[in-house]
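Protein chains in written order, with this note's numbering: chain A, 323 to 621; chain B, 323 to 621.
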DNA sequence: TTAAAGATGCTCGAACGCCATCACCTGATG
DNA sequence: CATCAGGTGATGGCGTTCGAGCATCTTTAA
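In structure tokens, the structure reads:
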């Protein structure tokens, strides 16, 4: 069978001009090359080269194999190089899963400097998982999970990366806008806009309304943060979002953040990873960057 | 070192889904594959796959190598296929050398059906040789030589492929046009047009004029047959060409062929080849086709 | 519990590389 | 012109190495 080995001999003979010199290049002896090529010739059923005087002349088959060698050998060498980069953790694809809708804006601030530091790492962000974010981690759909709900379980590692306060957003013109905080019963007559997620997983329900036995008059679900805040600004409802996100949008939209209850609802975002990956440099680098973002804006 | 062998294992495992099945496909045993890949992993310094439950999950390095395998292995297989065709004489490049200017028209008639019969053979026609046609054959510049001057010498084989008569061509209006033959002394006052070749190698000189001690009034050299015959038709000179060629041009130009002397000058064209190539099918096929052309028009 | 997957360690044999030598060509040298 | 020396690839024998197989173990999933 035609092997990489044979292609290397062909290329070396081409480069060096003789079998003996090629053998030196390959750290072998001339008989080794002669034997190898002779065996190949027998298997292929054709001569690779003919001896003419003291030099070798390639047959047409030999010419063709040489072309093949010049094309394939660099690909072998490049593949070994790339794999070495994988081995050293210098290259890879980082698939980040998101289980926290408003975190997308925060993630962008981490990804951007990260891509500069790790030019050979591709970052891929995914938001839909067949068996949830944890399942996606276990199933190797993703390598990192951005989530507010850590699950401390063997095989996984969760690291808090930033704290934020969940607040209620209302339009400037809303009757609650003058208050600095809001109580559960004040939402009884409101339309609540949330991301399309089961209510049990929304903080506004399980840490604010449900404990007080309250619920909003209506519950609307909207995918994107932009549209959601447009609706709020237009007085079509209220929403619950991180304070830093609301502050950012206040430049552009007439909206106000209100503390949820007397103490506010405080949350942590975690980055989850498989412990099996704990020695992958480019992955740890992402977690570190997320914990101490270069463009830390205090949120 | 990364070998074809390893790539084949990767591809087989991908196809079959397990090491054991892959081993069957490759006519090996499961431990053989395990050992081979383990060794590769040690050399590369990274895992190719991890065992998860009873199935293997490729690492990123493994994924990359698999991609490499799917790209490179078909190229190996194709190369072996092509070389097998070379071995069986089904494929090659046939470089034909020409030492006989008017033979080009004849050659086209042979090449055209040949290319249909041998779709995987490329034909290349060359007309300039540093050390002459014979030298080009010996030096592997060409594989076949079309020549009127065979040189029977060890290592070469010449085969007569067609006979023709060399005739003088004159314009219809030429004073000699009425004759059916011409004598050497009748050219003393004429302008003779020939291809740009040394006169000693031109039949009109060495088999007609020189033996009679004659020479033309002027001698012009022109490269192409077309222009040469245009000149003749215009009464600007006479030329010596194969009869069949003149007959062909008579449809388009007012020209006449005249026998050279009482018996005419009869020539043979030979195809020369290296005896070392005597078992190359596509080369023999060309010689056979040349000897019995499909479109044999009696010349 | 069982069947099936991969991992492991040992053994054996084929193949691969090296050494010594041969055969051949080429160019220098008398 | 004959000879010789240096360098090429070819060849055959030998030793080592590497690789494949066998038997067995571990783990997983049905």
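Just so it is clear, CB atoms sit at the ideal spot from N, CA and C, and this is done for glycine as well.
Please name the residue, chosen from 593(A), 328(A) and 336(A), that lies closest to residue 480(A) on a Cα-to-Cα basis. Taking residue 480(A) as reference, the option from 593(A), 328(A) and 336(A) with the minimal CA-CA separation is 593(A).
Closest Cβ-Cβ distance between residue 324(B) and chain A: below 8 Å? Cβ-Cβ to chain A under 8 Å: yes for residue 324(B).
From residue 506(B) to residue 451(B), what distance separates their C-alpha atoms? Roughly 32 Å separates the two Cα atoms.
Name, in chain order, the residues that DSSP records as bridge partners for residue 330(A). Paired residues: none, contrary to the question.
Identified DSSP bridge partners for residue 587(A): 488(A)
Throw me the rounded Cβ distance for the residue 355(B) and residue 344(B) pair, which I believe falls under 8 Å. 6 Å
Using the Cα positions of residue 508(A) and residue 469(A), report the straight-line distance between them to the nearest angstrom. 29 Å
For residue 372(A), the first and last residue of its enclosing alpha helix (DSSP H): Careful: residue 372(A) lies outside any alpha helix (DSSP H), inside the beta strand (DSSP E) at 371-374.
Determine the burial state of residue 432(B): buried for a count of at least 16 other Cβ atoms within 10 Å of its Cβ, exposed for fewer. buried
Taking residue 405(B) as the query, report the chain A residues whose CB atoms sit under 7 Å from its CB, ordered along the chain. 366, 368, 383, 386 and 387
Establish whether the CB of residue 347(A) and some CB of chain B are separated by less than 8 Å. no
Chain B residues whose Cβ lies nearer than 7 Å to that of residue 379(A): 462
Three or more C-beta pairs below 8 Å linking the segment 435-452 of chain A and the segment 412-420 of chain A: yes
Using a Cβ-Cβ cutoff of less than 6 Å, which residues in the same chain neighbour residue 411(B) once the five nearest sequence positions on both sides are dropped? 602, 603 and 604
Is any beta-carbon of chain A found at less than 8 Å from that of residue 570(B)? no
Name the residues in the segment 389-402 of chain B whose C-beta lies less than 8 Å from a C-beta of chain A; which are they? 390, 393, 394, 397, 398, 401 and 402
Check whether the segment 578-590 of chain A touches the segment 487-504 of chain A, counting contact only when three or more Cβ pairs, one atom from each stretch, lie closer than 8 Å. A contact is defined here as three or more CB-CB pairs under 8 Å, and the segment 578-590 of chain A meets this definition with respect to the segment 487-504 of chain A.
Check whether residue 595(A) and residue 471(A) have beta carbons under 8 Å apart: no
For residue 409(A), would you say it is in contact with chain B, using Cβ-to-Cβ distances shorter than 8 Å as the test? yes
Residue 642(A) touches chain B at which residues, Cβ-Cβ below 8 Å? Nothing can be reported for residue 642(A): it is not among the residues displayed for chain A, which extend from 323 to 621.
With 8 Å set as the bound, which would you pick, yes or no: does the beta-carbon of residue 621(B) sit closer than that to a beta-carbon of chain A? For residue 621(B), the predicted structure reports a pLDDT of 35, less than 50, and the residue's modelled location is therefore unreliable. The matter cannot be settled from this model.
Taking the beta strand (DSSP E) that residue 417(B) falls in, what are its first and last residues? 414-420
Based on DSSP bridge pairs, tell me the residues matched to residue 438(B). Paired residue(s): none; residue 438(B) is not in a bridge.
Between the C-alpha atoms of residue 436(B) and residue 609(B), what's the straight-line distance to the nearest angstrom? Cα atoms of residue 436(B) and residue 609(B): separation of roughly 10 Å, rounded to the nearest angstrom.
Using only the alpha-carbon positions, how far apart do residue 460(B) and residue 380(A) sit? 14 Å
Continuous beta strand (DSSP E) assignments of at least 3 residues falling wholly in the segment 506-552 of chain A: Counting only runs of 3 or more, we get 513-516 and 540-543.
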